[in-house]
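Heads up: the structure comes next, in structure tokens.
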Amino acid sequence: VQLQIEDYTRRIREEDIGSANKPFSERITTRSPSPEPIYDSDGKRLNSRQYRMRRKFEEKRSELVAQMLKLNPSYVPPTDYRLFLCFISRISAGRITEKVMIPQDDHPEINFVGLLIGPRGNTLKLLERDVCIYIYCSRARIIIRGKGSVKEGKNPGGYMLPGEDEPLHAYITGCTEEQVKRAQNQVVWSNGGV
1 VQLQIEDYTR RIREEDIGSA NKPFSERITT RSPSPEPIYD SDGKRLNSRQ
51 YRMRRKFEEK RSELVAQMLK LNPSYVPPTD YRLFLCFISR ISAGRITEKV
101 MIPQDDHPEI NFVGLLIGPR GNTLKLLERD VCIYIYCSRA RIIIRGKGSV
151 KEGKNPGGYM LPGEDEPLHA YITGCTEEQV KRAQNQVVWS NGGV
């Protein structure tokens, strides 16, 4: 099981999706037809073949890690392993941004927005402040976006907010990679045992 986990981890890191080693004629005949392309608000394709294969490998690796943890409770998963949260990274206008996907669909009984924001937004402010105590820079920003981030009827004007067509996620911006990673860890930590 551990060898399979290591194999999937290697394939995910190297983005080895399986058919690159086959001759071109075999790749064309053995591949299933691609679904219609889906694009996000930035024009980036969400369901490319590499993305689908990566998700498939991550799901298989997740199952194997769960199996390994049952066999050996002291097993330490790979460093880039995340059970539910996946990270999408971008650099824009000198600030580094991250999206931490929140598994609202997998756990509808948990109010993730309430957990992250807290009473009167104090939990979110504390998360941002904790990041900046250790890193001397302008403040990191953590914004909750996506479906379910705004209460029904609270959107003045009825216009679409940025990221509203995406799944629920925490949008983190900061001026250093370390600051963003620290904020990312705070968001993952505040999601607790999920």
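Going by UniProt numbering, the letters in the sequence shown line up with residues 1 to 194, in that order. The C-beta atom is built at its ideal place from N, Cα and C for all residues, glycine as well.
What are the residues that DSSP puts in a beta bridge with residue 170? Indexing the sequence shown from 1 puts residue 170 at position 170. DSSP lists 100, 144 as partners of residue 170.
What does a CB cutoff of less than 8 angstroms around residue 88 pick up in its chain, not counting 5 residues either side in sequence? Working through the sequence shown from its first residue, we reach residue 88 at position 88. Only weak support exists for where residue 88 lies, its pLDDT of 44 falling under 50; the value from the coordinates is given anyway. Contacts found: 98, 99, 101.
Three Cβ pairs or more, each shorter than 8 angstroms: is that satisfied between the stretch 171-184 and the stretch 109-120? In short, these stretches do not touch, since the Cβ pair count stays below three.
Taking the beta carbon of residue 38 as the centre, do at least 16 other beta carbons fall within 10 Å, making it buried, or is it exposed? For this step, residue 38 is matched to residue 38 along the sequence shown. Burial call: exposed.
Starting from residue 9, trace the alpha helix (DSSP H) in both directions and tell me its first and last residue. On the sequence shown, position 9 is the one that residue 9 refers to. 2-14 is the extent of the alpha helix (DSSP H) around residue 9.
Closest by CA to residue 150, which one among 63, 34, 164? Within the sequence shown, residue 150 is the residue found at index 150, counting from 1. In this structure, 164 is the residue among 63, 34, 164 with its C-alpha nearest to the C-alpha of residue 150.
Quick one: what's residue 39 bridged to in DSSP? Taking the sequence shown and counting its residues from 1, the one referred to as residue 39 is at position 39. DSSP, once it has assigned bridges, lists 45 as partnering residue 39.
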